[in-house]
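Engineer:
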Amino acid sequence: MAKVSIENIEKSFGQTQVLKGVSLDIEDGEFVSLVGPSGCGKSTLLRIIAGLEAQDAGDILIGPDNVNTKRAADRNLSMVFQSYALYPHLSVAENIAVPLKMRQMSGLQRLPVLGSFMPGSKKQSVEIGEAVTSAAKTLQIDHLLDRKPGQLSGGQRQRVAVGRALVREPAAFLLDEPLSNLDAKLRVHTRAEIAQLHRQLGATFIYVTHDQVEAMTMSDRIAVMMDGEILQIGSPEEIYDHPADVRVAEFMGLPKMAILPAEADKKGEITLLGTATKIYSEMTSCFLKLGIRPEHFVITKSYPILQGRLVHLENLGSENYAHVTLDGLTEPIVIKTQKHALKAADIGEILPLGFDAADIHLFDEDGKALSISPKTSPHKKLVRRMASV
Ligand code: ADP
Ligand code: MG
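Heads up: the sequence shown at position 254 corresponds to 242 in the working numbering, and the numbers run straight through without jumps.
(1) Between which two residues does the beta strand (DSSP E) containing Asp222 stretch?
(2) Please classify Ala159: is it buried, with 16 or more other beta-carbons within 10 angstroms of its beta-carbon, or exposed?
(3) So, does the segment 147 to 166 touch the segment 57 to 69, judging by three or more C-beta pairs under 8 Å?
(4) In the DSSP assignment, the beta strand (DSSP E) including Ala250 goes from what residue to what residue?
(5) In its own chain, which residues sit with a C-beta less than 7 Å from the C-beta of Asp215, not counting the 5 before and 5 after it?
(6) Between Glu270 and Gln43, what straight-line distance do the alpha-carbon atoms span, to the nearest angstrom?
(7) Need the endpoints of the beta strand (DSSP E) that Gly279 sits in, please.
(8) Which two residues bound the contiguous beta strand (DSSP E) that contains Tyr212?
(9) Quick check on Tyr72: does DSSP put it in helix, strand or coil?
(10) Is it right to say Arg90 is buried, meaning 16 or more other beta carbons lie within 10 angstroms of its own, or is it exposed?
(11) Could you tell me how far apart the beta carbons of Tyr72 and Val148 are, in whole angstroms, since I believe they sit closer than 8 Å?
(12) Quick check: what's the CA-CA separation for Gln3 versus Ile36?
(13) Would you report the Cα separation of Val299 and Lys363, rounded to the nearest angstrom?
(14) Looking only at C-alpha atoms, which of Ala329, Asp134, Glu217 and Gln295 sits nearest to Gln5?
(15) Please confirm whether Leu174 has its beta-carbon closer than 9 Å to some beta-carbon of chain D.
(16) Would you say Glu165 touches ligand 2, meaning its beta carbon is less than 8 Å from a heavy atom?
(17) Could you pull the start and end residues of the beta strand (DSSP E) that Glu307 belongs to?
(18) Is DSSP giving Ala160 helix, strand or coil here?
(19) With a threshold of 8 Å (Cβ to nearest heavy atom), would Lys58 be considered close to ligand 2?
(20) Would you say Val10 touches ligand 1, meaning its beta carbon is less than 8 Å from a heavy atom?
(21) Please classify Pro87: is it buried, with 16 or more other beta-carbons within 10 angstroms of its beta-carbon, or exposed?
(22) Output needed for Ala250: all residues of its chain with C-beta closer than 6 Å, excluding positions within five of it in sequence on either side, in chain order.
(23) Taking its Cβ as the centre, do 16 or more other Cβ atoms sit within 10 Å of Val(-8), making it buried, or is it exposed?
(24) Compute the Euclidean distance between the alpha carbons of Asn(-4) and Lys8, then round it to the nearest angstrom.
(25) Going by the CB atoms, is the gap between Met206 and Ile182 shorter than 9 Å?
(26) Could you have a look at Ile129 and say whether DSSP puts it in helix, strand or coil?
(27) Rounded to whole angstroms, what's the CA-CA distance from Pro137 to Val20? Just pull it up for me.
(28) How would you label Lys30, buried or exposed, when you count the other beta carbons within 10 angstroms and need 16 or more for buried?
(29) If contact is defined by three or more beta carbon pairs under 8 Å, each pair taking one atom from either stretch, is the segment 313 to 325 in contact with the segment 347 to 354?
(30) So does Val196 have its beta carbon nearer than 8 Å to some heavy atom of ligand 2?
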C-alpha cells in the first residue's frame, strides 16, 4: 500500500482544458472521494493516475516514485470501472484470476497449450487459486466461483469486479463510480460493504463519484471537483459544515442549501431580502450570498426573519420537505420540517421563517466563504431550537 500524490495535473482534449492544475495527496491507507458533477474531469484524472491516459503537465507519484513514464501495467494499481468489464465466457474464478495470470506468467506461459508445459506454471496456478479463493471469501462470493457473469446479479458482478481488483494486492485501489449500475437499495448496501472492505484491508482507496451521499458516507476525506479544479478538500464534516465555496455548499447536501442574495451595510449588518437581520458580516458595504441548509430553518412566530409562502409539501415519512417561495427569489427554497408541523391543507399559507445566526453560511460575490463578525455575538441566538409551530 502506498501514498498517492497528484501534483499540478493539466489535461486538455482539443481546445477544452479538462484539468486545470489539480493537486491532491492521498495518504497511505486513506479513503478519498473525488466528487463533482458529471463532466467535471473525475474519470480523466483517475485514468491519468492509472496510466491509461497521459497528462499534458504535472506529476503522479506512487509512494516516493514518480510514475509519469510507467505504463499502466507497471503502476501496480487496481481499477474498478462503472461497467464491470468482466469476460462473459470466463467463470467468476477465471475472471478474478485474470490480472494475476497476466502479471505472473511470461509471454510463452500465457499461450493456452504450450503454457501448461512451461516450468513454474503448476506452482503459480496453485498460488493463483489460493489468491482467488481468499479474495472470493473476503467478498462472500466463494460459492459463485464456477458461474459465468451472465448467471450473476448486478451486485454479484460488481463484487467479482472488486475481487479482480483485490487479488493484485495493489499499491492503491481506483474506483470509478462502481455503484452507479446498481439499484438504489443495493447501492446503499454495497456502499457500506465497500467502506467495510476499506477498513478491513487498510488500503489506499481513490473513489470517483458524482453522488455526494456516497462521498459523504464512505470517505475519510472528500475532494470536491468542478470545472477541472478541486474547490475544497476536507473531511465530510468540514465540507458539509464549512463549505469554502458557494458551489461546494450547493453541491453537497440534499435538499440543496438555500442561497439568498444579501447585502452588508457600512457597519457590516446584513440585510436579507429587504429585512435587517442583526447579523454582521466581516465585510462591509458589499453584496453577499447567504446560505442556509434546509434543516436549519425554523417556522417561528416569535423571531421571524423572512416570510415565505408554502407552495408544495413532500412527505418522506419521517420528515417533510416544504417548498417555499420568497419575495425576490425566482426559485422556491426547500426547508425540512417535522412531519406533523405542516399539512397539505396549509399549502398557500404564509410561513414566518427564522434561523440561528450560528447556522448561516456567508459568501462574497465571487462565492468565497466569509465569516460572521463577532459583532453579532450578543444576538447570536436569534431563535432557539424550538419545535416548529
Ligand atoms: P467525469 O468523469 O467527471 O464525468 P470526464 O473526466 O469523463 O468527466 O470528462 C471530462 C470532460 O472531458 C468531458 O467534457 C468529456 O466530454 C471530455 N472528455 C473525456 N474524455 C475525452 C476524450 N477521450 N476525448 C475528448 N474529450 C474527452
Ligand atoms: Mg466519469
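The C-beta atom is built at its ideal place from N, Cα and C for all residues, glycine as well.
Only a predicted model underlies this, so the values are computations on that prediction, with no experimental measurement involved.
Structural biologist: With the given structure in hand:
(1) Looking up residue 222 in the sequence shown gives position 234. What sits at residue 222 in the sequence shown is Gly, not Asp. Glu217 to Gly222 is the span of the beta strand (DSSP E), which, as asked, contains Gly222.
(2) If you number the sequence shown from 1, residue 159 lands on position 171. When all chains shown are included, Ala159 counts as buried.
(3) Under the 8 Å Cβ criterion, the segment 147 to 166 counts as touching the segment 57 to 69, having at least three qualifying pairs.
(4) Walking along the sequence shown from the start, residue 250 turns up at place 262. Per DSSP, the continuous beta strand (DSSP E) segment holding Ala250 begins and ends at Ala246 to Ala252.
(5) Counted from its first residue, the sequence shown places residue 215 at position 227. Cys28, listed in sequence order.
(6) Residue mapping note: residue 270 aligns to position 282 of the sequence shown, counting from 1. Residue mapping note: residue 43 aligns to position 55 of the sequence shown, counting from 1. Going from the Cα of Glu270 to the Cα of Gln43 covers about 41 Å.
(7) Within the sequence shown, the letter at position 291 stands for residue 279. Gly279 -> beta strand (DSSP E) spans Cys274 to Ile280.
(8) Locating residue 212 in the sequence shown gives position 224, counting from the first residue. Per the sequence shown, the amino acid found at residue 212 is Val instead of Tyr. Val212 -> beta strand (DSSP E) spans Arg209 to Met214.
(9) Translated into positions along the sequence shown, residue 72 becomes position 84. Looking at Tyr72 - three-state DSSP - the assignment turns out to be coil, as it is neither helix nor strand.
(10) Position 102 of the sequence shown, counted from the first residue, corresponds to residue 90. Looking at the sequence itself, residue 90 is Met, so the reference to Arg does not match. So Met90 ends up on the exposed side.
(11) Position 84 of the sequence shown, counted from the start, is the residue given in the question as residue 72. Position 160 of the sequence shown, counted from the start, is the residue given in the question as residue 148. Between Val148 and Tyr72 the Cβ distance is about 7 Å, and since that is below 8 Å, they are a contact.
(12) Locating residue 3 in the sequence shown gives position 15, where the first residue counts as 1. Locating residue 36 in the sequence shown gives position 48, where the first residue counts as 1. Near 19 Å, if we compare the C-alpha coordinates of Ile36 and Gln3.
(13) Against the sequence shown, residue 299 aligns to sequence position 311. Against the sequence shown, residue 363 aligns to sequence position 375. Taking the straight line from one Cα to the other gives about 36 Å.
(14) Taking the first residue of the sequence shown as 1, we reach residue 5 at position 17. When each option's Cα is compared against that of Gln5, the closest is Glu217.
(15) Going by chain labels, chain D is absent from the structure shown, which holds only one protein chain.
(16) Mapped onto the sequence shown, residue 165 falls at position 177. Under cutoff, so the answer is yes.
(17) Taking the sequence shown and counting its residues from 1, one reaches residue 307 at position 319. Start and end: Glu307 to Leu314.
(18) Counting from one through the sequence shown, the residue named residue 160 turns up at place 172. When secondary structure is reduced to three states using DSSP, Ala160 falls in the strand class.
(19) By one-based count along the sequence shown, residue 58 stands at place 70. Outside the cutoff, so no.
(20) Counting from one through the sequence shown, the residue named residue 10 turns up at place 22. No, the Cβ of Val10 stays beyond 8 Å of every heavy atom of ligand 1.
(21) Along the sequence shown, read from residue 1 onward, the residue named residue 87 stands at position 99. Result: buried.
(22) The residue labelled residue 250 in the question sits at position 262 within the sequence shown. Answer for Ala250: Ile258, Leu260, Leu276 and Leu278, listed in chain order.
(23) Looking up residue -8 in the sequence shown gives position 4. Val(-8) should be labelled buried.
(24) If you number the sequence shown from 1, residue -4 lands on position 8. If you number the sequence shown from 1, residue 8 lands on position 20. Rounded to whole angstroms, Asn(-4) to Lys8 spans 8 Å at the Cα level.
(25) Sequence index remark: in the sequence shown, residue 182 carries index 194 (1-based). Sequence index remark: in the sequence shown, residue 206 carries index 218 (1-based). Contact: yes.
(26) Taking the sequence shown and counting its residues from 1, one reaches residue 129 at position 141. Look at Ile129 here: in three-state DSSP terms it is coil, with no helix or strand label.
(27) Walking along the sequence shown from the start, residue 137 turns up at place 149. Walking along the sequence shown from the start, residue 20 turns up at place 32. Near 29 Å, if we compare the C-alpha coordinates of Val20 and Pro137.
(28) Sequence index remark: in the sequence shown, residue 30 carries index 42 (1-based). The residue in question, Lys30, is buried, as its Cβ has 16 or more Cβ neighbours within 10 Å.
(29) Short answer: they don't touch.
(30) In the sequence shown, counting from the first residue as 1, residue 196 sits at position 208. Yes.
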